[in-house]
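Right, dumping it as structure tokens:
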């Protein structure tokens with residue numbers, strides 16, 4: 340096997356035959372592990388999509404400035420307050436609206452188009468969240484939300500908030516709730532990658548949450564659109580660790596090809612290889628076998 344000095348730099352293989360064969364064996368094992376982890380990452384997203392549900396907007400909860408489409412699938416911010424009753428369920432400060440559906444058990448997945456928007460907040464909240472006055476969104480207050488600030492900058496509204504950047508702005512967000520497992524995960528539908536996962540012991544009804552945010556100087560007038568069916572990804576790529584927040588226990592391993600024997604580069608292209616293992620993939624790995632490639 341290959342030796343390593345104290346600085347982590349590779350020493351030459353000590354045998355031209357047996358030791359080099361061991362290096363090749365280790366490299367082949369690394370390649371198999373990479374394939375398994377790629378399959379596992381895809382399985383987390385694909386498993387979530389098996390639980391697709393129809394979600395609609397609840398007009399009784401909508402802030403007076405929000406405009407809902409007739410089919411209750413789209414919401415955008417208007418310029419004036421509408422003459423709607425100030426019922427207890429309605430948000431009167433935060434420009435938000437809840438989904439009509441209540442979740443008290445099981446797995447549920449839905450997708451929301453955020454194309455052409457510069458700011459938004461999406462996720463899940465408790466039915467008991469405050470609707471009146473200024474609200475601090477956090478898990479402690481019954482909110483599990485992901486927010487785009489501007490450009491490629493995003494925040495998971497943890498406490499304190501978890502900030503991260505993506506290579507490109509998301510165009511469609513997948514939201515997955517596993518009530519019994521205490522998991523709420525967010526996915527970038529475009530490239531099938533996991534973005535962030537909240538974990539919590541839920542109690543009481545949960546509801547989808549939508550906030551199209553303010554107009555951002557006229558740049559954020561596009562609506563949030565709930566997808567009526569699963570959206571086809573725009574690319575068929577494996578998850579890219581450069582495009583996901585390394586929060587919540589995710590682990591990334593960078594493999595430097597220059598630390599391997601010269602002959603190893605002939606077996607598998609290792610330059611810039613990334614191995615990713617998302618923290619929410621435990622359920623997806625149960626019973627998972629190494630696929631054939």
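Residue numbers (our numbering): 340 to 632. Glycine included, every Cβ here is placed at the ideal spot set by N, Cα and C.
Item to check | Cβ-based neighbour list, residue 406, same chain, cut-off 6 Å, excluding 5 preceding and 5 following | outcome: 415, 417
Item to check | Cβ neighbour criterion (16 or more within 10 Å) applied to residue 513 | outcome: buried
Checklist entry - Where residue 434 and residue 552 are concerned, what is the direct C-alpha to C-alpha distance, given to the nearest angstrom? => result 6 Å
Next on the checklist: Using only CA atoms, which one of 445, 368, 384, 493 lies nearest to residue 530?
Outcome noted: 384
Checklist entry - What runs of the beta strand (DSSP E), each 3 residues or longer, lie entirely inside the stretch 419 to 491? => result 446 to 452, 459 to 465, 482 to 489
Checklist entry - Is DSSP giving residue 631 helix, strand or coil here? => result With a pLDDT of 39 at residue 631, under the threshold of 50, the modelled position of this residue cannot be trusted; read the value that follows with caution. Reduced to three states, the DSSP call for residue 631 is coil.
Item to check | Cβ contact (3+ pairs, closer than 8 Å) linking the stretch 539 to 555 and the stretch 455 to 475 | outcome: yes
Next on the checklist: Cutting at 7 Å between CB atoms, please list the residues of its own chain near residue 496, excluding the five before and the five after it.
Outcome noted: 476, 477, 482, 484, 486
Item to check | Boundaries of the beta strand (DSSP E) in which residue 532 is found, first to last residue | outcome: 532 to 538
Next on the checklist: Which residue marks the beginning of the beta strand (DSSP E) containing residue 556, and which one marks its end?
Outcome noted: Residue 556 -> no beta strand (DSSP E), and no H or E assigned at all.
Next on the checklist: Could you give the first and the last residue of the continuous beta strand (DSSP E) run that contains residue 415?
Outcome noted: 413 to 416
Checklist entry - Can you tell me whether residue 429 is buried or exposed, with buried defined as 16 or more other CB within 10 angstroms of its CB? => result buried
Checklist entry - Going by alpha carbons, who is nearest to residue 523 out of 511, 532, 536? => result 536
Next on the checklist: Nearest by alpha-carbon distance to residue 413: which of 442, 508, 394 is it?
Outcome noted: 394
Checklist entry - Who are the Cβ neighbours of residue 554 in its own chain at under 8 Å, not counting the five residues just before and after it? => result 416, 560
Checklist entry - Who does residue 527 pair with in a DSSP beta bridge? => result 512, 532
Item to check | 8 Å Cβ cutoff met for residue 511 and residue 436 | outcome: no
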